[in-house]
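I have placed the structure first, in the form of structure tokens, so that the comments after it can refer back to it.
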Amino acid sequence: MPFRGPNLISNSSSQPQFARVLGIETSCDDTGVAIYDTNEGLLGHALYSQIKTHAEYGGVVPELAARDHIRKVIPLVDAVLQRSHCESSSITAVAYTKGPGLAGALLAGSAVAKGLAFSLDVPSIGVHHMEGHMLAPMLEDNPPPFPFIALLVSGGHCLLAHVQGVGEYKILGQTLDDAVGEAFDKTAKILGLGYPGGPIISRLAEKGNSERFEFPRPMLDRPGLDFSYSGLKTHALTQVKKLQDQLDEQTVADIARAFQDAAVETLVVKSERALQQYNVNRLVVAGGVGANQSLRAELQAMVKKRGAKVFYPRIEFCTDNGAMIALAGALRAHQVDQDLSFQVKPRWSLESLPPI
Ligand code: KG4
Ligand code: ZN
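My numbering puts the first residue of the sequence shown at 4, with every later residue one more than the last.
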């Protein structure tokens, strides 16, 4: 796979320097490791999902997440090096997720990344997790050229951004309360389903009747590009309490469908508004909720109507992964950090990043 960098560094004629970056992602409940090479593209990647660890608690337990990352990171690094037929001596930098995310989980990945960088005598690069998500479609064939509108929809984030280049991000709107993935997860919990809720609700919604329940469309009647999702979860709770022992399988599927329809419609309408307001015809969708098939179908219909185009990473790179961190690290390979001390940023503004 060829390097996507020259396309990414919009209108820049300068060739980026060669880098072969080991990327480590540990911001939440997935341990992801990958190697990205600026000449050869993605060489290999591996992921360990902690879903089983957290499922019985119905959500991520930060302390358990941190401990699991510590256990898994090094074996995954070994596996990826082997799978990619790479000698560790060929790595030119180690990129890691510096934030935002769970403090303990971030610390686990950062400490390992810094240690590896020191032992390999290469620099380290602290990557912004959301920048990683936003650039993930660049790992695919036909990457989106700048500028584009990015819709970032995950368990921790829900925002629209105008992207003019790497590090040139303007946040146009974001959630005022819950992230949309969080709303999927909480609604699933209310319905007595498992964790994470997104994929389960999405599967059930396929069997649901869209006519039976009507959920509100938060913030749609207001101008602007902000979102609000905590009301949808509360609406689900009210329905469940009202129906009590009539909650058969079909009813749960019908509620799941009504919830999903409302969540998807608000994302699609606000994305369309952003495309219109900024006169842009490319939309990039990233983050775990980007795996949702109903969202994909509705966005496809919307962009088709407008003569625009929507770009996604492959499904496995919609959710947290090491490949997006290795890629973002490669793009910032010149902004390296030789310092052995480290500091994670559990809260970190996307707009504070420097352009490359
Ligand atoms: O990007 P991600 O892996 O982690 C965060 O950075 O949060 O996103 C995880 C989120 C979870 O809330 C999960 O329920 C949601 O993405 N998700 C989905 C689907 N697959 C994952 N939500 C809706 N439909 C899906 N198919
Ligand atoms: Zn994420």
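Even glycine gets a Cβ: it sits at the ideal position worked out from N, Cα and C.
Bear in mind that the values here come from a model prediction, so they are computed numbers and not experimental data.
| Query | Result |
| --- | --- |
| Beta-carbon spacing of residue 158, residue 31 below 8 Å | yes |
| Segment contact flag, the stretch 323-334 with the stretch 293-303, C-beta cutoff 8 Å, min 3 pairs | no |
| Inter-residue CB distance, residue 200 and residue 187 (contact presumed, cutoff 8 Å) | 5 Å |
| Nonlocal neighbours in the same chain, by C-beta distance under 8 Å from residue 73, ignoring five residues either side | 111, 115 |
| Counterpart residues of residue 314 in DSSP-defined beta bridges | 287 |
| Bridge partners - residue 40, DSSP secondary structure assignment | 23, 44 |
| Same chain only: Cβ atoms within 8 Å of residue 106, ignoring 5 sequence neighbours per side | 65, 347, 349 |
| Element boundaries [alpha helix (DSSP H), containing residue 253] | 252-280 |
| Cα-Cα separation, residue 249 to residue 242 | 11 Å |
| Bounding residues of the beta strand (DSSP E) (the contiguous stretch that carries residue 98) | 96-102 |
| Enclosing beta strand (DSSP E) for residue 162 [first to last residue] | 161-168 |
| For review: beta carbons within less than 6 Å of any heavy atom in the ligand ZN | 132, 136, 157, 290, 323 |
| Closer than 7 Å: residue 35 CB and nearest the ligand KG4 heavy atom | no |
| For residue 176, the nearest candidate out of 24, 119, 223 (CA to CA) | 223 |
| Inter-stretch contact at 8 Å, needing at least 3 Cβ pairs: the stretch 260-273 / the stretch 202-212 | yes |
| Minimum Cβ-Cβ distance from residue 22 to chain C less than 8 Å | No chain C is part of this structure, which consists of one protein chain only. |
| Separation of residue 307 from residue 364, as counted between CA atoms | No statement about residue 364 is possible, as the shown extent of the chain runs from 4 to 359 and does not include it. |
| Inter-stretch contact (C-beta, 8 Å, three-pair minimum) for the stretch 87-95 and the stretch 283-297 | no |
| Beta-carbon proximity list for residue 79, same chain, < 7 Å, skipping 5 on both sides | 34, 36, 49, 51 |
| Proximity of residue 163 and residue 277 at Cβ, strictly below 8 Å | yes |
| Helix, strand or coil at residue 176 [DSSP, three-state] | strand |
| DSSP beta-bridge partners of residue 155 | 162, 289 |
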